[in-house]
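Residue numbers (this note's numbering): 29 to 442.
Cβ coordinates follow ideal geometry from the N, Cα and C atoms, glycine included.
Okay, structure first, notes after.
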Ligand SMILES: [Zn+2]
């Protein structure tokens with residue numbers, strides 16, 4: 029894995045070794061890091077980064093602070109209940125470590141343009157759901173550009189460090205797009221049932237599962253204090269299902285079913301502060317190594333077991349392999365011949381349905397009917413016009429993303 033410092037540093041090896049300590053401090057102080065999530069794991073990551081000498085951290089989290097967060101999300105106090113996690117966390121860190129600037133955002137990660145993510149060489153995700161992980165994984169892959177020989181341009185590679193915890197167990201991984209396995213490469217290895225963290229359930233539900241967990245974890249003990257929930261009793265489970273439906277309607281969330289209710293209720297794991305601290309430390313160590321070029325990276329997936337049947341406790345590092353038919357990071361190249369005065373819309377007739385076409389990391393056109401209109405103004409432009417207006421380059425490297433793969437398009441002019 030090429031370190032970011034090696035990419036940027038013109039120093040000889042001797043000079044580098046002589047000034048290593050100084051370079052490390054400098055490297056940490058000039059680079060920005062993005063942290064996604066300011067929950068249990070995010071709070072720990074922010075603290076560790078700031079104490080490690082990172083001078084500028086950006087943090088995204090749209091949740092507000094709930095009473096149930098206070099036992100482990102230690103950047104928050106009773107007076108903060110109801111306020112945005114990202115904002116309170118930023119304020120706390122800056123007060124404690126004035127040399128560190130923390131910039132909070134209270135939007136969905138999907139609302140930021142790719143150009144926003146391009147500002148960060150390292151993105152650390154302390155997320156609690158698969159959906160968001162898949163999305164940010166796709167972003168780091170899309171940001172990668174290739175030269176005319178189809179080789180990845182190192183400067184355009186952004187690293188994703190992904191941490192996750194479930195009760196006493198946790199995991200961390202480093203994703204270097206097109207070099208290591210991406211999140212999607214290993215998605216089939218995820219356990220079928222998924223755990224949800226209490227903080228999300230109680231404050232800002234986004235998925236049907238969050239609504240079900242709310243009915244089960246919070247409403248049942250409150251409204252049925254004398255009745256022990258029997259997970260095999262239809263009446264009990266139907267009660268949970270109906271309450272989950274009500275909450276889903278309230279937050280405009282689709283997809284709560286009786287079957288899903290059964291699946292979620294039988295599988296909830298509490299958040300454990302010490303697991304968060306441990307996984308956050310590992311994520312921070314990997315971030316520092318990437319930023320300073322000091323030491324080799326975690327290659328590439330670490331599993332932590334706070335509870336292990338055989339050894340009691342354990343840590344395990346495995347190298348996850350890239351999946352040849354990965355829907356995100358497998359590559360197929362395609363050469364297309366067009367005339368300079370052909371319109372861009374010609375491409376849509378040559379490519380599969382439901383495709384999105386990217387240039388320089390930004391979306392250019394889409395075949396998807398819902399989103400098509402937003403890009404309609406480009407479809408009528410000719411390739412020459414797009415080149416003149418600097419929307420695409422002369423030797424346009426376009427990236428097409430359909431449901432099954434990434435296709436690198438080489439456009440040649442007749
Ligand atoms: Zn992949």
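Secondary structure at residue i, three-state DSSP: helix, strand or coil?
i           : result
residue 213 : helix
residue 186 : coil
residue 132 : strand
residue 111 : coil
residue 300 : coil
residue 172 : coil
residue 64  : strand
residue 20  : This structure cannot speak to residue 20, because the chain is shown only from 29 to 442.
residue 315 : helix
residue 161 : helix
residue 357 : coil
residue 335 : strand
residue 340 : strand
residue 385 : strand
residue 444 : Any property of residue 444 remains undetermined from this structure, which presents the chain solely from 29 to 442.
residue 139 : helix
residue 197 : strand
residue 70  : helix
residue 377 : helix
residue 278 : helix
residue 42  : helix
residue 294 : coil
residue 320 : helix
residue 367 : coil
residue 154 : strand
residue 96  : helix
residue 346 : strand
residue 49  : helix
residue 419 : coil
residue 84  : strand
residue 310 : helix
Taking buried to mean at least 16 other C-beta atoms within 10 Å of its own C-beta, is residue i buried or exposed?
i           : result
residue 148 : buried
residue 120 : buried
residue 274 : exposed
residue 166 : buried
residue 233 : buried
residue 34  : Reliability fails at residue 34, whose pLDDT of 48 lies under 50, so the model's placement of it is uncertain and the value that follows must be treated cautiously. Residue 34 should be labelled exposed.
residue 58  : exposed
residue 421 : exposed
residue 45  : exposed
residue 303 : buried
residue 263 : exposed
residue 372 : buried
residue 337 : exposed
residue 408 : exposed
residue 77  : buried
residue 204 : buried
residue 123 : exposed
residue 323 : exposed
residue 217 : exposed
residue 379 : buried
residue 31  : Only weak support exists for where residue 31 lies, its pLDDT of 48 falling under 50; the value from the coordinates is given anyway. That one is buried.
residue 43  : exposed
residue 63  : buried
Can you tell me the Cβ-Cβ gap for residue i and residue j, rounded? I've got them flagged as a contact below 8 angstroms.
i           : j           : result
residue 150 : residue 85  : With 8 angstroms as the limit, residue 150 and residue 85 do not qualify as a contact, their Cβ atoms being about 11 angstroms apart.
residue 88  : residue 53  : With 8 angstroms as the limit, residue 88 and residue 53 do not qualify as a contact, their Cβ atoms being about 27 angstroms apart.
residue 118 : residue 132 : 4 angstroms
residue 67  : residue 190 : Not confirmed; about 14 angstroms, so no contact.
residue 369 : residue 347 : Actually they do not touch by this definition, with Cβ atoms about 50 angstroms apart.
residue 230 : residue 134 : At roughly 17 angstroms, the Cβ-Cβ gap does not stay under 8 angstroms, so residue 230 and residue 134 are not in contact.
residue 180 : residue 206 : 5 angstroms
residue 103 : residue 116 : 7 angstroms
residue 357 : residue 169 : 5 angstroms
residue 71  : residue 101 : 5 angstroms
residue 111 : residue 93  : 6 angstroms
residue 193 : residue 69  : 6 angstroms
residue 196 : residue 300 : 6 angstroms
Practice problem: Spell out a yes or no on whether the segment 194-214 and the segment 305-315 are touching, meaning 3 or more CB-CB pairs, one atom from each, closer than 8 angstroms. | Solution: yes
Q: Give a yes or no on contact between the segment 339-348 and the segment 413-421, applying the rule of three or more CB pairs nearer than 8 angstroms.
A: no
Quiz item: Using 8 angstroms as the threshold, is the segment 288-295 in touch with the segment 247-267, meaning 3 or more CB pairs across them?
Solution: yes
query: What beta strand (DSSP E) runs, 3 residues minimum, are completely inside the segment 222-268?
result: none
Given 8 angstroms as the limit, is there contact between the segment 166-181 and the segment 265-284, that is, 3 or more CB pairs closer than that?
no
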